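A.B. asks: Letter 157 of the sequence shown, counting from 1, is numbered 157 in full-length UniProt numbering, and no numbers are missing. Got a structure for you, questions after.
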Amino acid sequence: MSPIAVTKYGKVRGVETTSALDTEYISFYGIPYGAAPVGELRFKDPIPPAVWTEVYDATQQKPSCFAMDSHLKKVVGTEDCLNLNIYTKNLQPKKLYPVMFYIFGGGFNTGSNSTALYGPDFLLMADVVVVVCDYRLGPLGFTSFKDKSLNVPGNAGLKDQLLALKFVRDNIRNFGGDPNNVTLFGHSSGAMSVNAHCISDQSKGLFNRAIILSGSVFVSHSTKYQSINWPLRLAKRLGYTGSDEDRDVLKFLQSADPVRMAEEQTKIILPEESKHVFLTFAPHIEPYQTDNTFISANHLELSRKAWGNDIDILVGHTSDEGLVYLGVIAKDPTILSDLNLDSVIPNELNLMNEEKRAEFVQRIRETYYATTEPTKDEMGYCQWKSDIFFKHPITRLIQSRQNSKGKGKTFFFRFAVDSPTMNNFRLARNRPNVRGVLHADELSYYFKHNFGPMPERETMEFTAVKRFVSLMTSFATTGNPNDNVLNADLQNVAWHPVDTRNHPFKLLNIDENLEFKAQPEAERMMFWNQFYVETDTPLY
Numbered sequence: 001m002s003p004i005a006v007t008k009y010g011k012v013r014g015v016e017t018t019s020a021l022d023t024e025y026i027s028f029y030g031i032p033y034g035a036a037p038v039g040e041l042r043f044k045d046p047i048p049p050a051v052w053t054e055v056y057d058a059t060q061q062k063p064s065c066f067a068m069d070s071h072l073k074k075v076v077g078t079e080d081c082l083n084l085n086i087y088t089k090n091l092q093p094k095k096l097y098p099v100m101f102y103i104f105g106g107g108f109n110t111g112s113n114s115t116a117l118y119g120p121d122f123l124l125m126a127d128v129v130v131v132v133c134d135y136r137l138g139p140l141g142f143t144s145f146k147d148k149s150l151n152v153p154g155n156a157g158l159k160d161q162l163l164a165l166k167f168v169r170d171n172i173r174n175f176g177g178d179p180n181n182v183t184l185f186g187h188s189s190g191a192m193s194v195n196a197h198c199i200s201d202q203s204k205g206l207f208n209r210a211i212i213l214s215g216s217v218f219v220s221h222s223t224k225y226q227s228i229n230w231p232l233r234l235a236k237r238l239g240y241t242g243s244d245e246d247r248d249v250l251k252f253l254q255s256a257d258p259v260r261m262a263e264e265q266t267k268i269i270l271p272e273e274s275k276h277v278f279l280t281f282a283p284h285i286e287p288y289q290t291d292n293t294f295i296s297a298n299h300l301e302l303s304r305k306a307w308g309n310d311i312d313i314l315v316g317h318t319s320d321e322g323l324v325y326l327g328v329i330a331k332d333p334t335i336l337s338d339l340n341l342d343s344v345i346p347n348e349l350n351l352m353n354e355e356k357r358a359e360f361v362q363r364i365r366e367t368y369y370a371t372t373e374p375t376k377d378e379m380g381y382c383q384w385k386s387d388i389f390f391k392h393p394i395t396r397l398i399q400s401r402q403n404s405k406g407k408g409k410t411f412f413f414r415f416a417v418d419s420p421t422m423n424n425f426r427l428a429r430n431r432p433n434v435r436g437v438l439h440a441d442e443l444s445y446y447f448k449h450n451f452g453p454m455p456e457r458e459t460m461e462f463t464a465v466k467r468f469v470s471l472m473t474s475f476a477t478t479g480n481p482n483d484n485v486l487n488a489d490l491q492n493v494a495w496h497p498v499d500t501r502n503h504p505f506k507l508l509n510i511d512e513n514l515e516f517k518a519q520p521e522a523e524r525m526m527f528w529n530q531f532y533v534e535t536d537t538p539l540y
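Right, dumping it as structure tokens:
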């Protein structure tokens, strides 16, 4: 008999599965946590699904929300996509399992909960329940209108995640999971999402700790008011010729082709905007307050008094995040040849003084291009990208927590395992001779994917997988990453929480060997901090 679990909406049928490491578990694919956001519900805050009477077939993976598939190079998906996958070893364990709820990354415009990239095999070495949800992306997830009467304040994608968290709170016990021991974790824009849940009062109490991997709300283009009318621009791009009134634009977009919307969303950025606009439809401060408002103010303000400052977090980055941009330069070499270092100065500094800007540019040049020419140096470019978009925002998050009144511990890590076979994103996106650990390379060490080999058990790679998974699942189980629930070889290295208010912060450097030490990039982090100090711009 196929395993059946009960939810408050109806019964669901799962499928018995064996992991690549021979662990037996049950998969429930595509359980609806929200009603299909179609027709007049398009762009609106999500609502729970209707009750179903037949047993829901959760034995097959479901289509994702509309998004560009980076492997197929085309937009795929459906609007009826508010579903989640649950993986559990036992529906009725003697003691309920800790729950690990994952939010995938992809710049808020691509990604899915598919096992092709997010197989639970490694995480299920531990006794945990793994949940991965789909949520609306791009225009469908982040369109916003200022007209209150339309009821489209935006951030629907984040509110989807919130509704999925509520589904877990109400139902996960019937899948063997402990609703009072939930760890929210995510990577890249998924990590930004996790960070956003930590500072939004809407999510308070829905999870007990968080793991934030290579992302943070402190990235400089995060959570602003939408100053550009992206919905109007997108509508015009799709052939709209009506008035600029929100009501008319909404009516047009609610019947527009979602595939075209996903295809055109990045093409509406004007050339002169491209230096400071990275995402068109993404998290933003909502234009007016409702009972469901998720982001009510800027991230600095919300972070200072956030409920999440009282929960423990595990946060980190890879050693060479910005190497991901080598592939971008390869596609468009003018990114390097036309580089103007003035554009590197964060917009957040709001620096108008030309003399001061020139001085900052000189200091950037000395730090990243001491002996090279910026328009010819790929590695210098990748290094400042790494710092500005990943490492500095993460250390600002840490500073914010350390200087708050919160009681939560912060465990800081740096992932530096440079494998010739396992670092999937580097292998897929860069030249064969490139080495280093770029953005998303660490994914291969806690999720099994279909795009590379499984590590053999007696290899450095498998040791690294077991270590990383043990640190994460120990944290998810007890709140202490040192508890080593998998008996991995942690080399007797203790991982202590951050204990200073300012740089340098100590971290666990996860390489072929483990080492607890000061962040190697600390000097450059202080370099960027100084720019904020000199321009009276709040860091946190």
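Even glycine gets a Cβ: it sits at the ideal position worked out from N, Cα and C. Treat the numbers as computed from the prediction; the structure is a model and nothing was measured.
1. Where are the alpha helix (DSSP H) runs, 4 residues long or more, that stay fully inside the region 144-192, in chain order?
2. Taking Val129 as the reference, which of Thr473, Trp528 and Thr500 has the closest Cα?
3. Residue ranges of each beta strand (DSSP E) run of no fewer than 3 residues wholly in the region 347-428, ordered along the chain?
4. From what residue to what residue does the beta strand (DSSP E) around Leu314 run?
5. Determine, using beta-carbon pairs with one atom in the region 154-170 and one in the region 33-42, whether at least three such pairs fall under 8 Å.
6. Label Asn487 either buried or exposed according to how many other C-beta atoms from any shown protein chain fall within 10 Å of its C-beta, with 16 as the threshold for buried.
7. What does the Cβ neighbour count give for Pro49, buried or exposed, with the cut at 16 atoms within 10 Å?
8. Does Arg396 pass the burial test, meaning 16 or more other C-beta atoms within 10 Å, or should it be called exposed?
9. Tell me the DSSP secondary structure of Ser27 in three-state form.
10. Buried or exposed: which applies to Gln226, given that a residue is buried once 16 or more other Cβ atoms fall within 10 Å of its Cβ?
11. Alpha carbon to alpha carbon, how far is Asn229 from Ile268?
12. For Phe101 and Leu349, I'd like the C-alpha separation in whole angstroms.
13. Kindly give me the distance between the Cβ atoms of Ser337 and Thr375, rounded to whole angstroms, as I take these residues to be in contact under 8 Å.
14. Let me check one thing: in DSSP terms, what residues is Thr7 bridge-paired to?
15. Among Met192, Leu351, Met379 and Asp387, which residue has its Cα nearest to the Cα of Ile295?
16. Taking all protein chains shown into account, do 16 or more other C-beta atoms lie within 10 angstroms of the C-beta of Leu270, making it buried, or fewer, making it exposed?
17. Below 8 Å on the Cβ atoms is my contact criterion, and I expect Val469 with Tyr446 to pass it. Report the Cβ-Cβ distance as a whole number of Å.
18. Threshold first: 3 residues or longer. Then list the beta strand (DSSP E) segments lying entirely within the region 193-240, N to C.
19. Tell me which residues share the same chain as residue 562 and place their Cβ nearer than 6 Å to its Cβ, disregarding the 5 neighbours each side in the sequence.
20. Let me make sure I understand the geometry here. Which of Asn484, Gly106, Gly30 and Val493 has the alpha-carbon closest to that of Leu279?
21. Tell me, to the nearest whole angstrom, how far the beta carbon of Pro139 is from that of Pro287; I am working on the premise that it is less than 8 Å.
22. Would you say the region 117-128 touches the region 441-458, given that touching needs at least three Cβ pairs under 8 Å?
23. Assuming Asn174 and Val6 form a contact by the criterion Cβ under 8 Å, report the distance between their Cβ atoms to the nearest whole angstrom.
24. Which residue marks the beginning of the beta strand (DSSP E) containing Ile345, and which one marks its end?
25. Pick helix, strand or coil for Leu486, following the three-state DSSP scheme.
26. Where DSSP assigns a beta bridge to Cys81, which residues make up the other side?
27. At which residues does the alpha helix (DSSP H) containing Lys251 begin and terminate?
28. Thr110: buried (16+ other C-beta within 10 angstroms of its C-beta) or exposed?
29. For the region 280-339, list the alpha helix (DSSP H) runs that are entirely contained and at least 4 residues long, ordered along the chain.
30. In the DSSP assignment, what are the bridge partners of Val76?
31. Within a Cβ cutoff of 7 Å, which residues of the same chain sit near Asn509, ignoring the five residues on either side of it in sequence?
32. What separation, rounded to the nearest whole angstrom, lies between the Cα atoms of Asn151 and Ile47?
33. Would you check if the region 519-526 and the region 497-507 touch, i.e. whether three or more CB-CB distances between them fall below 8 Å?
34. With a CB to CB cut of under 6 Å and the five nearest residues on each side skipped, what residues in its chain are close to Phe360?
35. Can you round the beta-carbon distance between His187 and Leu213 to whole angstroms, since I take them to be within the 8 Å contact cut?
36. From Glu458, Asp257, Leu443 and His392, pick the residue whose C-alpha is nearest to that of Ala67; which is it?
C.D. replies: Reading it off the structure:
1. Counting only runs of 4 or more residues that sit fully inside the region 144-192, the alpha helix (DSSP H) segments are 156-171, in chain order.
2. Nearest in C-alpha terms to Val129, of all of Thr473, Trp528 and Thr500, is Thr473.
3. Taking only runs of at least 3 residues, the beta strand (DSSP E) segments lying wholly in the region 347-428 are 410-415.
4. Taken as a continuous stretch (DSSP letters only), the beta strand (DSSP E) holding Leu314 covers Asp312 to Thr318.
5. Judged by Cβ distances under 8 Å, the region 154-170 makes contact with the region 33-42, as three or more pairs qualify.
6. Exposed, by the Cβ-count rule.
7. When all chains shown are included, Pro49 counts as buried.
8. Answer is buried; the Cβ neighbour count reaches 16.
9. In the structure shown, Ser27 sits in a strand (DSSP, three-state: E or B).
10. By the neighbour-count rule (16 or more Cβ atoms within 10 Å), Gln226 is buried.
11. Answer to the nearest angstrom: the Cα atoms are 10 Å apart.
12. Near 35 Å, if we compare the C-alpha coordinates of Leu349 and Phe101.
13. Their Cβ separation, rounded to whole angstroms, is 5 Å, which keeps Ser337 and Thr375 in contact under 8 Å.
14. Residue pairing by DSSP puts Thr7 in a beta bridge opposite Gly10.
15. Cα-wise, what sits closest to Ile295 is Met192.
16. Answer is exposed; the Cβ neighbour count stays below 16.
17. The Cβ separation is near 6 Å, so the contact holds.
18. Counting whole runs of 3 or more residues, the region 193-240 contains the beta strand (DSSP E) stretches 209-213.
19. Lying outside 1 to 540, the shown extent of the chain, residue 562 is not represented and no answer is given.
20. Looking from the CA of Leu279, the closest CA among Asn484, Gly106, Gly30 and Val493 belongs to Gly106.
21. Contact between Pro139 and Pro287 does not hold, since the beta-carbon distance rounds to 16 Å and is not under 8 Å.
22. Counting C-beta pairs closer than 8 Å gives three or more between the region 117-128 and the region 441-458, which meets the contact rule.
23. At roughly 5 Å, the Cβ-Cβ gap stays under 8 Å, so Asn174 and Val6 are in contact.
24. Element bounds for Ile345: n/a, residue is neither H nor E.
25. The answer is coil: DSSP assigns Leu486 none of H, G, I, E or B.
26. Beta-bridge analysis with DSSP links Cys81 to no other residue.
27. For Lys251, the enclosing alpha helix (DSSP H) begins and ends at Asp246 to Leu253.
28. Burial of Thr110 is indicated by the presence of at least 16 other C-beta atoms within 10 angstroms of its C-beta.
29. The qualifying runs are 299-304, 324-331 and 334-337.
30. For Val76, which the question treats as bridged, DSSP gives the partners Ala67.
31. Only residues of its own chain outside the window of five on either side were considered, and among them Arg414, Ala416, Glu515 and Lys517 have a CB closer than 7 Å to the CB of Asn509, listed in chain order.
32. When rounded, the separation of the alpha-carbon atoms in Asn151 and Ile47 is 13 Å.
33. The region 497-507 and the region 519-526 touch, with no fewer than 3 CB-CB distances between them shorter than 8 Å.
34. Excluding residues within five positions, the ones whose Cβ falls inside 6 Å are Ile345.
35. Right, the Cβ-Cβ distance comes to about 4 Å (below 8 Å), so this counts as a contact.
36. Of Glu458, Asp257, Leu443 and His392, the residue nearest in Cα terms is Asp257.
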